[in-house]
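To convert, note that position 37 of the sequence shown is 36 in numbering that gives the first Met the number 0; the numbers rise steadily by one, no gaps.
From the three backbone atoms N, C-alpha and C, an ideal C-beta is built for every residue, glycine too.
Beneath this line is the structure, given in structure tokens, with notes to follow.
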Amino acid sequence: MKAGVLEVGSGSRRRKGRRRGAVISPLLANLYLHYVLDVWAQAWRKKVARGETIIVRYADDAVLGFQYSGDADRFLADLQERVRTFRAGIASTEDAPDRIRALCR
Numbered sequence: 000m001k002a003g004v005l006e007v008g009s010g011s012r013r014r015k016g017r018r019r020g021a022v023i024s025p026l027l028a029n030l031y032l033h034y035v036l037d038v039w040a041q042a043w044r045k046k047v048a049r050g051e052t053i054i055v056r057y058a059d060d061a062v063l064g065f066q067y068s069g070d071a072d073r074f075l076a077d078l079q080e081r082v083r084t085f086r087a088g089i090a091s092t093e094d095a096p097d098r099i100r101a102l103c104r
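Dropping the structure here:
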């Protein structure tokens with residue numbers, strides 16, 4: 000990656016690479032987190048949680064609140080397993096759309 004340099008009175012452009020923080024990064028993060036966290040957490044809430052649960056996500060940041068600490072512990076363990084499963088499931092891109100749909104149930 001080569002970034003341009005700006006000095007007083009002159010500047011140079013980069014010749015190769017992509018700048019960090021390009022538009023694609025947050026877009027990909029949101030797509031990934033939508034399936035890995037948002038859709039799954041909504042179903043988890045209905046099936047597993049005993050108490051109230053709130054999830055607020057902005058871009059790639061999230062704040063999670065649980066009425067009971069047991070729900071928080073279970074959510075963390077289940078989410079860690081979810082991420083491992085999701086990564087393993089899309090490692091083979093041969094039938095990625097079907098795999099992604101199956102993992103999001």
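Exercise for the section: Taking only the alpha-carbon atoms, compute the straight-line gap between Thr52 and Ile23 and give it to the nearest angstrom. Expected result: 31 Å
Problem - CB of Phe85 within 7 Å of CB of Val38, strictly - result: no
Problem - Nearest-angstrom Cα separation, counted from Leu75 out to Asp60 - result: 15 Å
Exercise for the section: Please classify Asp59: does DSSP put it in a helix, a strand, or coil? Expected result: coil
Problem - Same chain only: Cβ atoms within 8 Å of Ala28, ignoring 5 sequence neighbours per side - result: Ala58, Asp59
Exercise for the section: Can you give me the start and stop residues for the alpha helix (DSSP H) that Gln41 sits inside? Expected result: 39–46
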